[in-house]
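Protein chains in written order, with my numbering: chain D, 191 to 276; chain R, 191 to 276.
A short write-up of the structure that comes next.
Number of protein chains: 2
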Amino acid sequence: MIDDQKTRVAVDIYGQTYTIVGSETSSHVRLVASMVDERMREISSRNPYLDSSKIAVLTAVNSVHDYLKLKERIELLEEELNKLKG
Amino acid sequence: MIDDQKTRVAVDIYGQTYTIVGSETSSHVRLVASMVDERMREISSRNPYLDSSKIAVLTAVNSVHDYLKLKERIELLEEELNKLKG
Numbered sequence: 191m192i193d194d195q196k197t198r199v200a201v202d203i204y205g206q207t208y209t210i211v212g213s214e215t216s217s218h219v220r221l222v223a224s225m226v227d228e229r230m231r232e233i234s235s236r237n238p239y240l241d242s243s244k245i246a247v248l249t250a251v252n253s254v255h256d257y258l259k260l261k262e263r264i265e266l267l268e269e270e271l272n273k274l275k276g
Numbered sequence: 191m192i193d194d195q196k197t198r199v200a201v202d203i204y205g206q207t208y209t210i211v212g213s214e215t216s217s218h219v220r221l222v223a224s225m226v227d228e229r230m231r232e233i234s235s236r237n238p239y240l241d242s243s244k245i246a247v248l249t250a251v252n253s254v255h256d257y258l259k260l261k262e263r264i265e266l267l268e269e270e271l272n273k274l275k276g
């Protein structure tokens with residue numbers, strides 16, 4: 191595997207620094223990190239007694255839920271496309 | 191808001207029990223929880239020194255990343271559909 195394009199990006203999420211290694215652009219990594227940070231703060235404000243580990247797990251739960259919803263939508267769109275293409 | 195359909199589902203994720211409240215079916219909630227649990231265990235096996243809070247945050251990061259990738263794909267599919275529909 192050529193990993194010339196591996197980037198290392200340091201981001202702050204909910205007061206902690208994480209180094210994200212991957213092939214994505216640093217702006218994509220920063221966008222993802224800011225979305226996770228925002229979601230954690232939302233969940234924390236609605237559940238002030240949860241510790242940060244549980245807040246992070248619930249953030250992951252919400253994100254996987256949203257992912258599955260988009261996946262269902264993609265299946266419908268692909269079905270529609272295939273019909274139109276005959 | 192009518193919330194007759196609110197469900198409360200207790201799930202186990204990475205050794206902790208969470209009660210998820212929402213309008214989704216309990217089987218959907220269980221699927222999401224098992225995906226989060228699996229991802230956390232994957233990340234943990236690759237990074238054995240991370241604590242559970244950081245593992246959960248990185249799981250959320252991966253999930254939001256996957257979500258954004260699907261969103262890009264939906265935009266492309268919708269564009270293609272609109273072209274075909276004229």
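C-beta: ideal position from N, C-alpha, C; glycine also.
Bridge-paired residues (DSSP) for residue i
i: THR209 (chain R); result: R:ALA200
Any C-beta of chain R under 8 Å from that of residue i
i: TYR208 (chain D); result: yes
i: TYR239 (chain D); result: no
i: ILE203 (chain D); result: yes
Check: residue i C-beta below 7 Å from any heavy atom of the ligand NAD
i: ASN272 (chain R); result: In the structure on display, the ligand NAD does not appear, and there are no ligands present to speak of.
Under 7 Å by beta carbon: chain C residues contacting residue i
i: SER243 (chain D); result: Of the chains in the structure shown, none is chain C; the protein chains are D and R.
Test: residue i CB closer than 8 Å to a CB of chain D
i: VAL222 (chain R); result: yes
i: VAL226 (chain R); result: yes
i: MET191 (chain R); result: Any reading at MET191 (chain R) must be qualified, since the residue scores a pLDDT of 44, below 50, and its modelled position is unreliable; the value itself is stated next. Taking Cβ atoms only, chain D never reaches closer than 8 Å to MET191 (chain R), which makes this a no.
Sequence-distant residues of the same chain with beta carbon closer than 7 Å to residue i, five excluded per side
i: VAL211 (chain R); result: LYS196 and ARG198
i: SER242 (chain D); result: TYR204
i: VAL247 (chain D); result: none
i: THR249 (chain D); result: VAL226, ARG229, MET230 and ILE233
Same chain, Cβ closer than 8 Å to residue i, neighbours up to 5 away in sequence not counted
i: ASP227 (chain R); result: ASP202, ILE203 and TYR204
i: THR215 (chain R); result: THR197
Own chain partners of residue i with C-beta closer than 6 Å, once the 5 adjacent residues on each side are dropped
i: TYR208 (chain D); result: VAL201
i: SER234 (chain D); result: ILE245
i: ILE192 (chain D); result: For ILE192 (chain D), the pLDDT reaches just 49, beneath the cut-off of 50, and the residue's location in the model is therefore unreliable, although a value from the coordinates is still provided. Counting only Cβ-Cβ distances below 6 Å, and skipping sequence neighbours, we find nothing.
i: ALA223 (chain R); result: VAL201 and ILE203
i: VAL219 (chain R); result: VAL199 and ILE210
### Members of the segment 249-276 of chain R near chain D, C-beta cut-off 8 Å
Near chain D, meaning a CB-to-CB distance below 8 Å, the residues of the segment 249-276 of chain R are THR249, ALA250, VAL251, SER253, VAL254, HIS255, ASP256, TYR257, LEU258, LEU260, LYS261, ARG263, ILE264, LEU267, GLU268, GLU270, LEU271, LEU274 and LYS275.
### Task
Taking only runs that begin and end inside the segment 213-237 of chain R, name each unbroken alpha helix (DSSP H) of 4 or more residues, in chain order.
Counting whole runs of 4 or more residues, the segment 213-237 of chain R contains the alpha helix (DSSP H) stretches 216-236.
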